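Single-structure report; data block below.
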Amino acid sequence: MNMKRAFKAAVVAVTTTAMCLTAAPNANALKTDNVHNPGNSGGVNCNGKDVECFEKVGDKVEVEYTLQFNNGVLSSDHGQTARGRAVAFPSVLEDVKLELVSVPAQGDIVVTPSGGVAVEQVNKEVPLKDATFDTGKEEWTPDATGGNVDTHVKKQADFYATRLTADELFKEVEYYREQNGQTGQVDVISSHTTSDDTSVLHNISIGSMRRDMPYDVLVFGTAPRAGITTLKLKGTVTTKSEKTYLPVRVRDVFWQCFQEGAGAGSDAEACKSLAELSWGRIESPLPEYSLEDQTVTDRVYRQHTEHGLNGAPQCSVTTDLSVSEGREVLDRIGADVTPRQSFGDKYVEEFTLKANPTVTYLVGGFGVMEDGCDQAGILVQKCDFTLEKQPDGSVIVIFNINNVTNVSIKESGYKTEQRPDGTWIITTTDGKPVTGNVTLNYNVGGKQYSKVINITTNNNSTLSSGNQLSSGKGQAGEGSSVDGKCIASIVGLTAPLLLLIPLGILSQVQIPGFEHVHVQLNEAMRAINDEAQRTFGIHDADRSRRANSLAEQAQAAAAQAGPMIGAAAGALGAVAVALTLGDLAMRACGYEEQTSSYKIMKATGMEGSSKDQEKDPAAEPKE
564 MNMKRAFKAA VVAVTTTAMC LTAAPNANAL KTDNVHNPGN SGGVNCNGKD VECFEKVGDK
624 VEVEYTLQFN NGVLSSDHGQ TARGRAVAFP SVLEDVKLEL VSVPAQGDIV VTPSGGVAVE
684 QVNKEVPLKD ATFDTGKEEW TPDATGGNVD THVKKQADFY ATRLTADELF KEVEYYREQN
744 GQTGQVDVIS SHTTSDDTSV LHNISIGSMR RDMPYDVLVF GTAPRAGITT LKLKGTVTTK
804 SEKTYLPVRV RDVFWQCFQE GAGAGSDAEA CKSLAELSWG RIESPLPEYS LEDQTVTDRV
864 YRQHTEHGLN GAPQCSVTTD LSVSEGREVL DRIGADVTPR QSFGDKYVEE FTLKANPTVT
924 YLVGGFGVME DGCDQAGILV QKCDFTLEKQ PDGSVIVIFN INNVTNVSIK ESGYKTEQRP
984 DGTWIITTTD GKPVTGNVTL NYNVGGKQYS KVINITTNNN STLSSGNQLS SGKGQAGEGS
1044 SVDGKCIASI VGLTAPLLLL IPLGILSQVQ IPGFEHVHVQ LNEAMRAIND EAQRTFGIHD
1104 ADRSRRANSL AEQAQAAAAQ AGPMIGAAAG ALGAVAVALT LGDLAMRACG YEEQTSSYKI
1164 MKATGMEGSS KDQEKDPAAE PKE
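For the sequence shown, position 463 (counting from the first letter as 1) is numbered 1026 according to this note's numbering, and the numbering increases by one without interruption.
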C-alpha cells in the first residue's frame, strides 16, 4: 500500500474512532486539521523490571528495562521527518542486549479497542555495533547514527543500533580540546549549548555525563509508521555492595530531516539538530549511580517512583500505562505524571506544520503533555528481611524485596502464612512462642534461598536477618525501646499530623525554579511518615499507602491547576506547625535522628552540620 493511501486510512480511522478514546489523556488532540497523533500517545516511556535480589556481594545480577518510542514525525509528501532515538544506560552493565518486542503493524492504521495503534510482535534481538571515534579521520566508525530497529527495513543490513561507549565519547571530547590547545582530562561532557567541548552528545542531547558515573548511549531509528515501538534492554551487573540503583534515560527524536531514511539522522543528511532549540535539548545531568557508595544509591533512590525516576527538571516521568493498567501495554504511551511541556506540540509550532494544509503530518506526542524524555531505574539489592517478634509469641517476616513466595521453616512444628500487607507470619503448631534457631526458606523469582535465624524471647525487639537485635533506636543490639508513657502522651497528637504530612506537601503546586527541592522534600516527607509511625508503633502499611496514593493524585491535580503560591504558602505553614510538634515530641523521647528537620537535611545532603556544631562549639563560625 502506498504512503498516501496509508495516510488517508489513518485519517479515516482516527476520525471514526475518536469517540472511543475519551479515557486517553486529551482526546481532543487526536485530530487537528492536517496534524494527527494516531493513538493519542506520548513520545517516550521507560521503566525497569524489579530485580529480585542476590545472595552475596560479588554475584552477577540480570537487569531488564522496557523502552518505548512513538513514531516521531511523518509527512504525506515524504518531505519531512523527525528521526533519532537514544538510550543512555550505566556503562557498568555487561553482556548488553537489545531485544525488539513489537513494532507498529504494517498496512492501514488500525485503532485498538483501548484507543492505541495496533502492533505486531517481533521478539527478535537487535544487533549492536560498537562505534569508535577515529582521531585520524575525525569521525565515528562505523557511524554514530545507527540503523532502524524495525524488521521491515528495506535492507537487513540497516537493522541494528549503534553503541557509543563512555570511553569513546570522552576520547572524542578530549581530542577536539587538544586541537584547540587545551590539555588535561575531561571530567564532564556538558550538554549545555555554551560549552566549548565538541561532542556527538550535543546533537543527541540526552544530558551531561560525568566520568565517574559513565553512561553508554544507544542510537537508532524506529519504524517509519505511526504507532509504538517497544524494546527490552538487558544486561548483567557484578554487585560490589549490598544495594545499588541503576538508572536509564530515553529521549525522543533529536533530528529534523527533509528525507526519509534508516537511522537517527545526521549533519551529513542535512538534518537540523533539535538541540539548537531550547525545548529540544536536555541539559539535566544524567542520574547519579554507584556500585559501592550507598549514600549515592540512597540519594537517587529517594526519587524513585513506580512510574519512573524523578529529579530531572527537563525529563519528567512518563506515566507507565503497564503499571497503571496492571498489564503489558504495547499500543500506547501515557502522558507525563507531572506535565512540563508537549514535545509534539512544540515541534508542530516551531516548524509551522499547520500552515501547510495540503500535507498531512503524523506527529507522535502531539496534543499530549509528554516532554519527549523519560528516566527510570532498577534497585539491585541483597536478599534480606527483618523479623518482628509479636506479644503473642509469633514472628512477622518483612522482606526488602517483592515477589517472595513459598516461605517456610525447615524444622518441624512451625507454620507460615502470608498476610494481606505482603508480610509473612511464623507461628508454632502447638501455640507456643517461636524461639531458638530455625531455618527460613523462601523463593524469589524461581530461586530458592535459605537462612538460619535466631529468635529470642525478647518481645520488644526487631530482629535482622543477620541475627542481631535492633530496637529502632541506635545500633543493633542495644535492646532499647520507646517508653510507654512517652508513646501514650504523643500518639494522639502526632499520628493524624504524620499521616497528613505527605498530602499537605504534595497537594500544592510546584513553585517554578524549585522543582528539585520539591521532589526531595516530597520523598523526605514520605520517609518521615512511615518511619515515624513505625517508631511509635502506629504504622499501618495499608493506611500509609492510601495516604501516599491520595498525595500523588493531589500532586497531579495541582500541577494542572496552575501556580497558586498563596495556597501553597498557607499549606506549607500548616505543615511546618505539624513538623514542629512532631519534632518536639521525638526529641523529648530521645529520638533526635527521627525528627523531620534531621531527615530533611539528610535527604538534601546537609545532615550532620547542625549536630557537629552542637558537639564542637569551636566549629561555630566566628565573627
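Note that the Cβ used here is the ideal one computed from N, Cα and C, for glycine as well. The model shown is predicted, which means the values in this text are computed figures rather than measured ones.
When DSSP labels each residue in this structure, what does ASP984 get in the three-state scheme? Note: ASP984 maps to coil in three-state DSSP.
Under 8 angstroms, do GLY939 and GLY611 count as touching if we go by C-beta distance? Note on residue identity: the sequence assigns Ala, not Gly, to residue 939. Contact annotation: ALA939 and GLY611 have beta-carbon atoms nearer than 8 angstroms.
Neighbourhood of ASN1004 by C-beta distance below 8 angstroms, restricted to the same chain and skipping five residues each side: Same-chain partners within the cutoff: ASN969, VAL970, SER971, ILE972, LYS973, GLN1011, TYR1012 and SER1013.
Starting from ALA645, trace the beta strand (DSSP E) in both directions and tell me its first and last residue. From DSSP, the beta strand (DSSP E) with ALA645 extends over 644-646.
Restricting to Cα atoms, I'd like to know which of VAL598, GLY606 and CYS616 is closest to GLY1009. When only C-alpha atoms are compared, the closest one is CYS616.
Is it true that the stretch 666-678 meets the stretch 947-965, where meeting means three or more beta-carbon pairs spaced less than 8 angstroms apart? Segment contact: the stretch 666-678 against the stretch 947-965, fewer than three CB-CB distances shorter than 8 angstroms; contact not assigned.
Give the DSSP-derived three-state secondary structure of GLY843 in the structure shown. Of the three classes helix, strand and coil, the one that applies to GLY843 here is helix, per DSSP.
Out of SER654, ARG862, SER975 and GLY647, which one is the CA nearest neighbour of CYS834? Closest option to CYS834, Cα to Cα, is GLY647.
Decide if the stretch 889-900 is in contact with the stretch 595-605; the criterion is three or more beta carbon pairs, one per stretch, under 8 angstroms apart. Short answer: they touch.
My output table needs one value for LYS619: the three-state DSSP class, helix, strand or coil. For LYS619, the three-state secondary structure derived from DSSP is coil.
Inter-residue CB distance, ARG726 and ALA694 (contact presumed, cutoff 8 angstroms): Yes, they are in contact, since the Cβ atoms of ARG726 and ALA694 sit about 7 angstroms apart, within 8 angstroms.
Note down the Cα distance separating TYR852 from GLU731, rounded to an integer number of angstroms. One C-alpha to the other measures close to 20 angstroms.
Helix, strand or coil for GLU625 per DSSP? Here GLU625 sits in strand by DSSP.
Pick from LEU840, ASN965 and GLU688: whose alpha carbon is nearest that of PHE914? Cα-wise, what sits closest to PHE914 is LEU840.
Could you name the residues of the same chain whose beta carbon sits closer than 7 angstroms to that of ILE989, not counting the 5 residues immediately before and after it, in chain order? SER957, VAL958, VAL960, ILE972, TYR977, THR979 and VAL997, listed in sequence order.
Would you check if the distance between the CB atom of VAL626 and the CB atom of LYS803 is smaller than 8 angstroms? Their beta carbons are not under 8 angstroms apart, which means VAL626 does not touch LYS803 by this criterion.
Starting from ILE767 and walking both ways along the alpha helix (DSSP H), at which residues does that stretch end? For ILE767, the uninterrupted alpha helix (DSSP H) run begins and ends at 763-767, by DSSP.
Backbone CA spacing between ALA720 and THR698 [nearest angstrom]: Taking the straight line joining both Cα atoms gives about 26 angstroms.
Looking at C-alpha atoms only, which residue of PHE652, THR858 and PHE632 is the closest neighbour of MET772? Of PHE652, THR858 and PHE632, the smallest CA-CA separation from MET772 is found for PHE652.
In terms of residues, what are the limits of the alpha helix (DSSP H) holding TYR852? Looking at the DSSP string, TYR852 is not in any alpha helix (DSSP H), and its letter there is neither H nor E.
Where does THR714 fall in DSSP's three states? Of the three classes helix, strand and coil, the one that applies to THR714 here is coil, per DSSP.
Those runs of the alpha helix (DSSP H) which lie wholly inside the stretch 644-724 and span at least 4 residues: The qualifying runs do not exist here; there are none.
From the DSSP output, read off the bridge partner residues of PHE632. Bridge partners of PHE632: VAL607 and THR792.
Looking at ALA838: is its Cβ nearer than 8 angstroms to the Cβ of GLY784? No, they are not a contact pair.
Near THR708, which residues of its chain fall below 7 angstroms by C-beta distance, leaving aside the five closest residues on each side in sequence? Only THR725, VAL782, GLY826, ALA827, GLY828 and SER829 meet the Cβ criterion.
Do the stretch 811-820 and the stretch 932-949 touch if we need at least three Cβ pairs shorter than 8 angstroms? In short, these stretches touch, since the Cβ pair count reaches three.
Is GLN745 helix, strand or coil when you go by DSSP? DSSP, reduced to helix, strand and coil, places GLN745 outside both helices and strands of the structure shown, so it counts as coil.
Beta-carbon spacing of VAL664, LEU794 below 8 angstroms: A contact, by the Cβ cut-off of 8 angstroms.
Among VAL886, GLY994 and HIS867, which one has its Cα closest to the Cα of SER879? Comparing C-alpha distances from SER879 to each of VAL886, GLY994 and HIS867 shows the shortest one belongs to HIS867.
Grouping DSSP H, G and I as helix and E and B as strand, with all else coil, what is PHE906? Helix at PHE906.
SER887 - containing alpha helix (DSSP H), residue span: Taken as a continuous stretch (DSSP letters only), the alpha helix (DSSP H) holding SER887 covers 884-888.
Would you grab the beta carbon distance between VAL926 and VAL636 for me? Rounded to a whole angstrom, and I think it's under 8 angstroms. About 5 angstroms separates the CB atoms of VAL926 and VAL636; that is less than 8 angstroms, so the two are in contact.
Host alpha helix (DSSP H) of THR728 (start-end): Where THR728 is concerned, there is no enclosing alpha helix (DSSP H), given that its DSSP letter is neither H nor E.
Identify every residue that forms a DSSP beta bridge with ARG773. Answer is VAL751 and MET776, bridged to ARG773.
Taking LYS806 and LYS700 to be in contact with their CB atoms under 8 angstroms, please state how far apart those CB atoms are, rounded to whole angstroms. Contact doesn't hold; Cβ gap of about 44 angstroms is too wide.
Nearest candidate by alpha-carbon position, reference ASP713, set ALA918, PHE733 and LYS687: Of the candidates ALA918, PHE733 and LYS687, LYS687 places its Cα closest to the Cα of ASP713.
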